[in-house]
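Here's the structure, in structure tokens; my notes come after.
Protein chains in written order, with the working numbering: chain A, 1 to 260; chain B, 1001 to 1224.
What follows is the structure in structure tokens.
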């Protein structure tokens, strides 16, 4: 009779312990920046740039496809339906609220979590299995400095850049959809730019930073948390991507609740 | 009096029935501890560098209890020691050249040009010139072990700690690894102090290892 309650309690306790360990890892990573050796900064910067290449630049084609299709579908439908009601100026607000502010950051974060989150977790877990972390520690190199800080920095920069890129592509794809429905480009830009506020821009930036932190931290944490068996590598990758996606959705919901 | 470069004091090991392992690694000597896989001798290099903590006992590196140092100081302290981990521990996304350069790039104020010069010397010394641009996965076991040793010697440390250094090597290659780790001879013995652990050592190397311990039947016995 009490077994389900006990199981629920254990699950909650495990989640709280996981959150505590993740928070500690986050604080340790940020704190480790202060004593990264000066010479090590150059090495960490190289790792960061390589990660930006994998995380941001290689994701550009996928972002273009997703953003343009999403925006084209939403705006072409909206122009048609809102046109019937004589409320076509509302497509500006629709574009800004639905795509630029909500779906753009959310979809971009999901793409990066799926592509790079799994890669980060799998790479770090494999490194640990191969004894590379042990070797780095033995050489006096902190894995937080060599592996985690650069990936964290790269995730922040990449998410921020990709979200802005997603939004720009969406706005231009929306223009194509509006033009196909008979709206002039001047009118389209008037409507969209009139709807875009400073609040929308900073909210997008804040979301980029928060989602970047999630995608940089959770997979690194999961990858380094394994004990050293090869069978743990796929488990760490899958847990990393699931936890990242859940965290992204929860934060997205919190943004709506707290800031609307 | 200068403290011994490395000293283990009452370290608990699974292979020791009563008490713990107590041994000293004197300056300018090569010291080897051999024991079966389950005996725990492979854990000694990790304890020496405070990568892991023994259940009981203490380890002194250059007279300092490394386990008591704050993390930042521990990392700096480890850079004074050359470490060859079991299974080489090379980073697989870097070439052998970049693997050897990594500790210099990360932990020294040398310019890239100075590092380049140092790496060329290490590559020539370790006979790795032709394999320098290979990734570890494309290199042979021997090349990987040589690269890992080159990385361990990059700072020209006074103390070298090696775990299973001769595993999978021919006797000739094993002898070369040992001689390179010793760093030549001076009046007091080998130029560097060397501490090694493993399950076996080729018999022909025994004369070149001044102090040998064997862990068997629950006891750690000095042989050399």
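For glycine and all other residues, C-beta sits at the position ideal for the given N, C-alpha and C.
An exposed status is given to residue 15 of chain A, since fewer than 16 other beta-carbon atoms sit within 10 Å of its beta-carbon. Near chain B, meaning a CB-to-CB distance below 9 Å, the residues of the region 137-161 of chain A are 137, 138, 139, 140, 141, 142, 145, 146. When secondary structure is reduced to three states using DSSP, residue 1065 of chain B falls in the strand class. Taking a beta-carbon distance threshold of 8 Å, residue 135 of chain A counts as an interface residue toward chain B. DSSP lists B/1032, B/1162 as the bridge partner or partners of residue 1196 of chain B.
Approximately 6 Å separates the beta-carbon atoms of residue 1032 of chain B and residue 1201 of chain B; this is inside 8 Å, confirming the contact. Three or more beta-carbon pairs separated by less than 8 Å link the region 227-247 of chain A to the region 126-133 of chain A, which places the two stretches in contact. For residue 42 of chain A, the nearest CB of chain B lies under 8 Å from its own CB, placing it at the interface with that chain. Against chain A, the CB of residue 1083 of chain B has a partner CB under 8 Å away; the residue lies at that interface. For residue 1040 of chain B, not one C-beta of chain A is nearer than 8 Å to its own C-beta. From the beta-carbon of residue 39 of chain A, the residues of chain B found nearer than 9 Å are 1104, 1105, 1106, 1107, 1108, 1109, 1110.
In the structure shown, the three-state DSSP call for residue 1187 of chain B is coil. About 6 Å separates the beta carbons of residue 1182 of chain B and residue 1030 of chain B, which is inside the 8 Å limit, making them a contact pair. Around residue 109 of chain A, the same chain offers 211, 248 as residues with beta carbons nearer than 6 Å, after the five sequence neighbours per side are excluded. For the region 21-36 of chain A, the set of positions with a beta-carbon nearer than 8 Å to some beta-carbon of chain B reads 35 in chain order.
Within the region 1171-1200 of chain B, not one residue has a Cβ closer than 9 Å to any Cβ of chain A. Separation of the CB atoms of residue 51 of chain A and residue 151 of chain A is rounded to 5 Å, and the pair is thereby assigned contact status at 8 Å. Taken through DSSP and simplified to helix, strand or coil, residue 227 of chain A comes out as coil. By DSSP's assignment, residue 1006 of chain B forms a beta bridge with B/1025, B/1061. Annotation for residue 1211 of chain B: the continuous beta strand (DSSP E) segment containing it runs 1211-1216. Following the DSSP letters along the chain, one finds residue 1084 of chain B inside the beta strand (DSSP E) bounded by residues 1081-1084. Here residue 1164 of chain B is not near residue 1218 of chain B, since their CB atoms are 8 Å or more apart.
DSSP lists B/1216 as the beta-bridge partner residues of residue 1219 of chain B. For residue 166 of chain A, the enclosing alpha helix (DSSP H) begins and ends at 149-180.
If one requires a minimum length of 4 residues, the alpha helix (DSSP H) runs lying completely within the region 83-127 of chain A are 90-94, 104-112, in chain order. Below the 8 Å Cβ cutoff, chain B contributes 1089, 1090, 1091, 1092 as neighbours of residue 132 of chain A, in chain order.
The contact set of residue 1147 of chain B on chain A, defined by CB atoms closer than 8 Å, is empty, because the minimum CB distance reaches about 12 Å. Across the set B/1021, B/1005, B/1011, B/1130, the C-alpha of B/1005 shows the shortest separation from the C-alpha of residue 1082 of chain B.
Boundaries of the alpha helix (DSSP H) around residue 53 of chain A: 38-55. Interface residue (Cβ-Cβ distance to chain A less than 8 Å): residue 1049 of chain B is classified as such.
Residue 164 of chain A and residue 111 of chain A have their C-alpha atoms spaced approximately 14 Å apart. Taken in chain order, the members of the region 1054-1075 of chain B whose beta-carbon sits within less than 9 Å of a beta-carbon on chain A are 1071, 1072, 1074, 1075. Using a Cβ distance threshold of 8 Å, residue 1065 of chain B and residue 1097 of chain B do not count as a contacting pair. Under the three-state reduction of DSSP, residue 1011 of chain B is assigned to strand. The way I'd put it, the region 128-143 of chain A does touch the region 1071-1086 of chain B; three or more beta-carbon pairs between them come closer than 8 Å.
Between residue 215 of chain A and residue 119 of chain A, the gap from beta carbon to beta carbon reaches 8 Å or more.
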